[in-house]
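Shown next, in structure tokens, is the structure this report addresses.
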Amino acid sequence: MNISIIGTGYVGLPAGAGLASHGHNVTCVDIDEEKVEEINRGRCPIYEDGLPELLEEVVSNRQLKATTDTIDAVKNADVIFLAVGTPMENEGDITLDYIRQASKDVANGLEQKEGYGVVVVKSTVVPTTTEEEVIPLLEESGKKARKDFGVCMNPEFLREGTALDDFLNPDRIVIGELDNKSGDLVEKIYSDFDAPLMRTGLKEAELIKYASNSLLATKISFINEIGNLCKELGIDVYEVADGIGLDSRIERSFLDSGAGFGGSCFPKDVRALIKFSETQGEKTELLEKVIETNVKQKTKLVEQLEKEMKLKEKTIAVLGLSFKPKTDDIRQSPAINIISELKEKNVEVKAYDPKAVENMKEIHPDINYTDNYQHALKNSDAALIVTDWPEFNQINREDLKKMKRPLILEGRRMKYEVPKENTKGITWP
Ligand code: UDX
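Counted the way our numbering counts, the sequence shown spans residues 2 to 430.
In structure tokens form, the structure reads like this:
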């Protein structure tokens, strides 16, 4: 099938390469000419496991190409995916600027298009957006939804860092459809994917995405709350999580307690759902607490550190700055808040991350960054591990000997072999 994808970010590009590898002819559209050229040379503009190799392959065998020409891409496509960002605007609202612009651009293409095609919203949008925002803009082309073109909403559940694998091996595929004809065509795209496929209405598909992320975030805040209790009891929340997770109705995943969730999705999506519910006259108090608990969780490590020492003029190593390992993304990362708090308390911060230093420098330019974790630990009064990068598991006794006081407070569960008396967990002993 001929597929065009508008937006070549963390969703659009893995989806494009993934669909091309399934034999579809994919055209990726972006307004950024440099990015388009880079893709056409087979180079990957974002860091995602496995994506550079696959992209090179599908570009060289002509299954995928990139362009800045939306009109052309729409004219020749059976299916057009909208995969542009919907970042948080203010206290929770998402901005629809990019999705509106993309819809207008696609409408210009539809105007000149001969024959039927389906426009699919892949961007994360709150319920009713596809019907009330996207379709009216598409119909400005003079063409009519249902009759001249179809519309679907096909949310994406991929995680940063494993985006390609998540796209190729999804737990499920959800297709929200305006009508049967639209859904039938989009279902064909996924005919050789090995995953349950569910067809729903447009609003249902939009809400499935938000409700999924909100429930996962709820699991994390829940286990962090239980973890804070475990800390008081002097017991290990991971043992408790293992015990809970053996119940097949609950399941063990997303019960890893730590310094709070971050990233570009959970904080944004939970807030957006709270805000959207308000517009519908519904208060989502549970979700408000999920966010509240998460905000508090991000302050716990510094609170625990203060119980250990007077912080003024101390040197503290902060290890792990990205919101999770294997990405340079620091959006909503607990490390941002932790460094702010330490600075306020007159602490000298030595920070290290394998990938995210340059990004953190934009927010905290005035702290010391080191080239490796050993340099951060050296002469520090304590270390905080905020993100569990695998390399931190190599920290050993020799590293600890170089610290002024050999104390590591773990915001994430580590697997290194250092004496237990030198470490304390955020929600474990
Ligand atoms: C998430 C969803 O998993 C994905 O389906 C959606 O499409 C986008 O949002 P992502 O933000 O990339 O993906 O990362 P994820 O691995 O889900 O982690 C999100 C945050 O939760 C991270 O800060 C992580 O450290 C934290 N987390 C995750 C926990 O604190 N405990 C857990 O058990 C799992």
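In this text, a Cβ means the ideal position worked out from N, Cα and C, and glycines have one as well.
Reference residue i; option with closest CA among the options
i: Asn214; options: Val60, Val135, Pro268; result: Pro268
i: Leu56; options: Lys327, Ile32, Thr28, Val238; result: Thr28
i: Phe262; options: Glu90, Lys182, Asn338; result: Asn338
i: Glu418; options: Trp429, Thr424, Asn397, Gly426; result: Asn397
i: Leu65; options: Thr9, Glu115, Glu133, Leu169; result: Thr9
i: Val80; options: Glu207, Asn3, Glu293; result: Asn3
i: Lys433; options: Glu207, Arg147, Ile224; result: The shown model of the chain, from 2 to 430, leaves out residue 433, and the question about it has no answer.
i: Asp257; options: Thr388, Tyr99, Lys313, Ile368; result: Thr388
i: Cys153; options: Val187, Arg173, Leu139; result: Val187
i: Arg253; options: Ile224, Thr424, Gly116; result: Ile224
i: Arg414; options: Ala260, Ala18, Leu287, Val119; result: Ala260
i: Val119; options: Asp185, Ile292, Ile427; result: Asp185
i: Pro53; options: Arg173, Gly17, Thr96; result: Gly17
Residue i versus residue j: straight-line alpha-carbon distance, rounded
i: Leu401; j: Tyr211; result: 43 Å
i: Lys189; j: Ile7; result: 20 Å
i: Lys297; j: Met199; result: 37 Å
i: Asp243; j: Thr71; result: 50 Å
i: Asn373; j: Tyr353; result: 6 Å
Neighbour-count burial assignment, residue i, 16 or more Cβ in a 10 Å radius
i: Arg63; result: exposed
i: Glu345; result: exposed
i: Asp248; result: exposed
i: Gly177; result: buried
i: Leu216; result: exposed
i: Arg250; result: exposed
i: Arg272; result: buried
i: Pro156; result: buried
i: Ile275; result: buried
i: Gly282; result: exposed
i: Ser381; result: buried
Three-state secondary structure (DSSP) of residue i
i: Cys231; result: helix
i: Arg200; result: strand
i: Ser124; result: coil
i: Tyr211; result: helix
i: Asn380; result: coil
i: Ser183; result: helix
i: Lys313; result: coil
Contacting residues, own chain, Cβ-Cβ under 6 Å from residue i (five flanking each side not counted)
i: Ser192; result: none
i: Ala67; result: Cys29, Val37, Ile40, Asn41
i: Lys144; result: Leu111, Phe150
i: Leu159; result: Asp167, Phe168
i: Gly13; result: Ile6, Ala84
Same chain, Cβ closer than 8 Å to residue i, five either side skipped, listed in chain order
i: Ala383; result: Leu306, Glu309, Met310, Lys315, Ile317, Ala318, Met404, Arg406, Leu408, Ile409, Leu410
i: Pro355; result: Trp390, Glu392
i: Ile100; result: Leu83, Val85, Thr87, Val122, Ser124, Val126, Thr130, Glu134, Val135
Same chain, Cβ closer than 7 Å to residue i, five either side skipped, listed in chain order
i: Thr129; result: Lys204
i: Cys266; result: Asn214
i: Asn394; result: Met415, Lys416, Tyr417
i: Val238; result: Ile224, Ile227, Gly228, Cys231, Ser258, Thr428, Trp429
i: His23; result: Asp193
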